[in-house]
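Student:
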Amino acid sequence: MEMSGFLQKLISKSQLLKDLKIQHCKGEVEIDSSNLESIEYIGYEIPKLKIARQLKKLKIDHSCSGSLKAAWFYNLRKFLSNSTSCPQISLWFSQCNEINLTELHYGVATPKVDVLNVSCRWTNGECATFLDALLWSCHPRRLNIQSTSATFKCFINRLIYLKNLSQYSPWHSQFKEAQVYMFDFDDDKSQSWRPVQLKIGELSTRIVSETVDYFFLLDW
1 MEMSGFLQKL ISKSQLLKDL KIQHCKGEVE IDSSNLESIE YIGYEIPKLK IARQLKKLKI
61 DHSCSGSLKA AWFYNLRKFL SNSTSCPQIS LWFSQCNEIN LTELHYGVAT PKVDVLNVSC
121 RWTNGECATF LDALLWSCHP RRLNIQSTSA TFKCFINRLI YLKNLSQYSP WHSQFKEAQV
181 YMFDFDDDKS QSWRPVQLKI GELSTRIVSE TVDYFFLLDW
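Sequential numbering of the sequence shown, starting at 1, is according to the UniProt record's numbering.
Following this line, the structure appears as structure tokens:
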């Protein structure tokens with residue numbers, strides 16, 4: 001089932017409805033159905049789910065245009081926890097601000113995500129608590145990021161910090177290791193993924209443009 005346009009509230013009670021797809025929704029969506037098995041969602045607000053059992057599959061494509069607060073990451077974590085399988089989540093962020101990490105409340109277990117695609121459109125580069133809050137909201141196996149080179153360096157340094165912190169803090173104790181790869185050009189101008197050494201300081205690979213595509217393979 002596919003729906004488009006402005007949706008304030010969606011209540012699904014059909015005994016036959018198993019798969020739901022919502023596209024290009026600009027309003028808040030509330031889904032209430034104990035019969036759904038999978039949801040695909042494209043929109044600008046994180047949906048609210050009222051279901052009697054966990055979904056088998058959840059896939060979302062979400063654009064966040066406003067400033068971020070701890071409550072937003074909590075809502076994302078709560079939303080993703082409603083599914084036993086999250087194969088791919090895509091998030092677009094137009095701006096970044098410091099997140100008050102002390103306002104993050106647990107309530108639900110950290111959901112697992114196979115692939116998390118993140119596009120960071122801000123240009124200031126520095127946003128350390130963003131990565132903390134993002135990895136608090138879910139534990140992706142692969143984290144694909146498109147950002148500026150300054151943000152890339154910031155995220156590398158933050159991952160090292162989180163890895164060291166995991167030895168002392170129960171909050172980060174599940175994070176074990178990360179492998180980093182960046183999309184780069186070889187000397188013969190062919191394109192390829194290059195491994196990046198996870199260390200503070202100068203990166204072990206060249207940055208050829210302001211926009212950088214890279215990914216982390218994360219071991220939890």
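All C-beta atoms, glycine included, are put in the ideal place defined by N, C-alpha and C. The structure displayed is predicted, hence computed values, not measured ones.
(1) Where ASN124 and ALA150 are concerned, what is the direct C-alpha to C-alpha distance, given to the nearest angstrom?
(2) Per DSSP, what kind of secondary structure is THR151 in: helix, strand or coil?
(3) Can you tell me where the alpha helix (DSSP H) holding TYR41 begins and where it ends?
(4) Counting only the same chain and skipping the five closest in sequence on each side, list residues whose C-beta sits under 6 Å from that of LEU80.
(5) Report yes if the C-beta distance between TYR44 and SER63 is below 8 Å; otherwise report no.
(6) Quick check on ASN82: buried or exposed, where buried means 16 or more other Cβ atoms within 10 Å of its Cβ?
(7) Could you tell me which residues DSSP pairs with ALA178 in its beta bridges?
(8) Taking a contact to mean a Cβ-Cβ separation below 8 Å, would you say TYR181 touches TYR214 in this structure?
(9) Taking C-beta to C-beta, are ILE31 and LEU55 nearer than 8 Å?
(10) Tell me which same chain residues have a C-beta within less than 8 Å of the C-beta of TRP72, skipping the five on either side of it?
(11) Given this structure, state the Cα-to-Cα distance separating ASN117 from LEU16, to the nearest angstrom.
(12) Can you tell me the Cβ-Cβ gap for ALA128 and ALA70, rounded? I've got them flagged as a contact below 8 Å.
(13) Run through the DSSP bridge pairs and tell me what LYS48 is partnered with.
(14) Just to check my reading of the structure: ASP114 and GLN88 have Cβ atoms closer than 8 Å, yes? What is that Cβ distance to the nearest angstrom?
(15) Give the DSSP bridge partners of PHE93, in chain order.
(16) Could you check if GLN23 belongs to the surroundings of the ligand MG, using beta carbon to heavy atom distance under 7 Å?
(17) Could you please give me the residues that DSSP links to PHE183 through a beta bridge?
(18) Helix, strand or coil for THR110? Go by DSSP, reduced to three states.
(19) State the CB to CB distance for the pair ASP19 and GLU37, rounded to an integer number of angstroms; the pair is presumed to be in contact (CB under 8 Å).
(20) Based on the DSSP secondary-structure assignment, which residues constitute the bridge partners of ILE145?
(21) Please work out which residues of its chain come closer than 8 Å, Cβ to Cβ, to LEU104, disregarding the five sequence neighbours upstream and downstream, and give them in chain order.
(22) Return the first residue and the last residue of the alpha helix (DSSP H) that LEU134 is part of.
(23) Could you spell out the range, first to last residue, of the alpha helix (DSSP H) harbouring LYS21?
Tutor: Put simply:
(1) Residue mapping note: residue 124 aligns to position 124 of the sequence shown, counting from 1. Residue mapping note: residue 150 aligns to position 150 of the sequence shown, counting from 1. Distance between the alpha carbons of ASN124 and ALA150: 8 Å.
(2) The residue labelled residue 151 in the question sits at position 151 within the sequence shown. Of the three classes helix, strand and coil, the one that applies to THR151 here is helix, per DSSP.
(3) As a position in the sequence shown, residue 41 is number 41, starting the count at 1. Here TYR41 belongs to no alpha helix (DSSP H); instead the beta strand (DSSP E) covers 38-43.
(4) Sequence index remark: in the sequence shown, residue 80 carries index 80 (1-based). Excluding positions up to five away in sequence, the list reads CYS86, PRO111, CYS138.
(5) Mapped onto the sequence shown, residue 44 falls at position 44. Mapped onto the sequence shown, residue 63 falls at position 63. Going by C-beta atoms, TYR44 is nearer than 8 Å to SER63.
(6) As a working mapping, residue 82 is identified with position 82 in the sequence shown. So ASN82 ends up on the buried side.
(7) Here residue 178 refers to the residue found at position 178 when the sequence shown is read from its first residue. Paired residues: LEU218.
(8) For this step, residue 181 is matched to residue 181 along the sequence shown. For this step, residue 214 is matched to residue 214 along the sequence shown. Cβ atoms of TYR181 and TYR214: closer than 8 Å.
(9) Against the sequence shown, residue 31 aligns to sequence position 31. Against the sequence shown, residue 55 aligns to sequence position 55. Cβ atoms of ILE31 and LEU55: not closer than 8 Å.
(10) Here residue 72 refers to the residue found at position 72 when the sequence shown is read from its first residue. Here the set comprises ILE46, CYS64.
(11) Against the sequence shown, residue 117 aligns to sequence position 117. Against the sequence shown, residue 16 aligns to sequence position 16. Going by the C-alpha atoms only, they are around 32 Å apart.
(12) Locating residue 128 in the sequence shown gives position 128, counting from the first residue. Locating residue 70 in the sequence shown gives position 70, counting from the first residue. Contact flag wrong, Cβ pair sits at about 15 Å.
(13) Sequence index remark: in the sequence shown, residue 48 carries index 48 (1-based). In DSSP, LYS48 forms a bridge with GLU30.
(14) Sequence index remark: in the sequence shown, residue 114 carries index 114 (1-based). Sequence index remark: in the sequence shown, residue 88 carries index 88 (1-based). Rounded, the Cβ-Cβ distance is 6 Å, consistent with contact.
(15) Taking the sequence shown and counting its residues from 1, one reaches residue 93 at position 93. Paired residue(s): CYS64, CYS120.
(16) As presented, the structure is devoid of all ligands, the ligand MG included, so that no description of it is given.
(17) In the sequence shown, counting from the first residue as 1, residue 183 sits at position 183. In the DSSP output, where bridge partners are listed per residue, PHE183 has TRP193.
(18) Reading the sequence shown from its first residue, position 110 is the one you call residue 110. Residue state, collapsed to three classes: coil.
(19) The residue given as residue 19 occupies position 19 in the sequence shown. The residue given as residue 37 occupies position 37 in the sequence shown. That pair is a contact at about 6 Å.
(20) Within the sequence shown, residue 145 is the residue found at index 145, counting from 1. VAL118, TYR214.
(21) By one-based count along the sequence shown, residue 104 stands at place 104. Excluding positions up to five away in sequence, the list reads ALA70, PHE73, TYR74, ALA133, TRP136.
(22) For the purposes of this step, residue 134 is identified with residue 134 of the sequence shown, where counting begins at 1. Note, LEU134: alpha helix (DSSP H), 128-137.
(23) As a position in the sequence shown, residue 21 is number 21, starting the count at 1. Where LYS21 is concerned, there is no enclosing alpha helix (DSSP H), although the beta strand (DSSP E) it sits in stretches over 19-25.
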